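Q:
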Amino acid sequence: MLFQEGRGTRRTRMRLRRLALPLALAAGLVACGPTISGINARPDKFYQHKVKFTGRIARTQVLPDETLFEIADRRGARIVVRSTTPVEAGADDWVKVEGLLVPETRVGDAVLYDVVLADRIVRTRAPRFLNLM
Numbered sequence: 017m018l019f020q021e022g023r024g025t026r027r028t029r030m031r032l033r034r035l036a037l038p039l040a041l042a043a044g045l046v047a048c049g050p051t052i053s054g055i056n057a058r059p060d061k062f063y064q065h066k067v068k069f070t071g072r073i074a075r076t077q078v079l080p081d082e083t084l085f086e087i088a089d090r091r092g093a094r095i096v097v098r099s100t101t102p103v104e105a106g107a108d109d110w111v112k113v114e115g116l117l118v119p120e121t122r123v124g125d126a127v128l129y130d131v132v133l134a135d136r137i138v139r140t141r142a143p144r145f146l147n148l149m
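For our numbering, count along the sequence shown from 1 and bump the result up by 16.
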């Protein structure tokens with residue numbers, strides 16, 4: 017009986033198998049950050065918090081000391097992002113944005129609402145299954 021398995025080993029494997037799917041789903045949900053749609057749905061939940069999301073540059077407006085971007089997600093939801101540093105991306109490029117969501121900010125003489133003050137904007141690839149959902 018050299019190859020006989022103990023009861024504890026078999027029970028442990030069965031427990032791990034039962035927990036594998038819920039753990040994988042939980043890990044997937046944790047990895048998903050807020051989306052532009054989610055931020056727009058409940059902006060008060062994200063005010064004064066750092067947010068990270070991926071989107072496509074829909075429009076750009078270059079001002080003397082800053083640049084405004086309108087970033088759209090795959091569903092078409094849009095959010096305004098303000099950057100004071102140069103960005104190596106143009107219209108229709110996919111970018112990852114990290115920044116602080118503020119309820120309002122002044123740009124020149126205008127007041128804008130629900131704006132992300134970008135700490136970092138970097139180019140990225142488009143989502144693999146863009147039109148799946």
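Every residue gets a Cβ at the ideal spot worked out from N, C-alpha and C, and that includes glycine. None of the values given here were measured: they were computed from a predicted structure.
At 4 residues or longer, what runs of the alpha helix (DSSP H) sit wholly inside the stretch 82-136?
A: As far as the stretch 82-136 is concerned, it has no whole alpha helix (DSSP H) run of at least 4 residues.
Q: Three-state secondary structure (DSSP) at R58?
A: In the sequence shown, the residue the question calls residue 58 occupies position 42. In this structure, R58 counts as coil in the three-state DSSP scheme.
Q: With a 10 Å radius around its C-beta and 16 neighbouring C-beta atoms as the bar for buried, classify V145 as buried or exposed.
A: The residue you call residue 145 lines up with position 129 of the sequence shown. Per the sequence presented here, residue 145 reads as Phe, with Val not at that position. Under this definition F145 is an exposed residue.
Q: Just how far apart, CA to CA, sit A105 and V78?
A: Translated into positions along the sequence shown, residue 105 becomes position 89. Translated into positions along the sequence shown, residue 78 becomes position 62. Rounded to whole angstroms, A105 to V78 spans 13 Å at the Cα level.
Q: Evaluate G134 with the Cβ neighbour count: other Cβ atoms within 10 Å of its Cβ, from every protein chain shown; 16 or more gives buried, anything less gives exposed.
A: The residue given as residue 134 occupies position 118 in the sequence shown. Inspection of the sequence shows that residue 134 is occupied by Ala rather than by Gly. So A134 counts as buried.
Q: In terms of residue numbering, what span does the beta strand (DSSP E) encompassing T76 cover?
A: Taking the first residue of the sequence shown as 1, we reach residue 76 at position 60. Taken as a continuous stretch (DSSP letters only), the beta strand (DSSP E) holding T76 covers K66 to V78.
Q: Could you have a look at R144 and say whether DSSP puts it in helix, strand or coil?
A: Position 128 of the sequence shown holds residue 144. If DSSP states are grouped into helix, strand and coil, R144 belongs with coil.
Q: To which residues does DSSP link R27 through a beta bridge?
A: Indexing the sequence shown from 1 puts residue 27 at position 11. DSSP, once it has assigned bridges, lists no residue as partnering R27.
Q: Contact between the stretch 121-132 and the stretch 78-90 is defined here as three or more beta-carbon pairs at a separation below 8 Å; is this criterion met?
A: Cβ pair count under 8 Å is three or more, so yes.
Q: Would you kindly work out how many angstroms separate the C-alpha atoms of A93 and S99, rounded to a whole number?
A: The sequence position of residue 93 within the sequence shown is 77, counting from 1. The sequence position of residue 99 within the sequence shown is 83, counting from 1. Cα to Cα, A93 sits roughly 19 Å from S99.
Q: Just to check my reading of the structure: Q64 and L128 have Cβ atoms closer than 8 Å, yes? What is that Cβ distance to the nearest angstrom?
A: Within the sequence shown, residue 64 is the residue found at index 48, counting from 1. Within the sequence shown, residue 128 is the residue found at index 112, counting from 1. Not quite, the Cβ-Cβ distance comes to about 16 Å (not below 8 Å), so this is no contact.
Q: Using the Cα positions of A142 and W110, report the straight-line distance between them to the nearest angstrom.
A: On the sequence shown, position 126 is the one that residue 142 refers to. On the sequence shown, position 94 is the one that residue 110 refers to. Cα to Cα, A142 sits roughly 6 Å from W110.
Q: Taking 7 Å as the limit between beta carbons, can you name the residues of its chain near D108, skipping five residues before and five after?
A: Here the question's residue 108 lines up with position 92 in the sequence shown. Cβ within range, chain order: R72 and I73.
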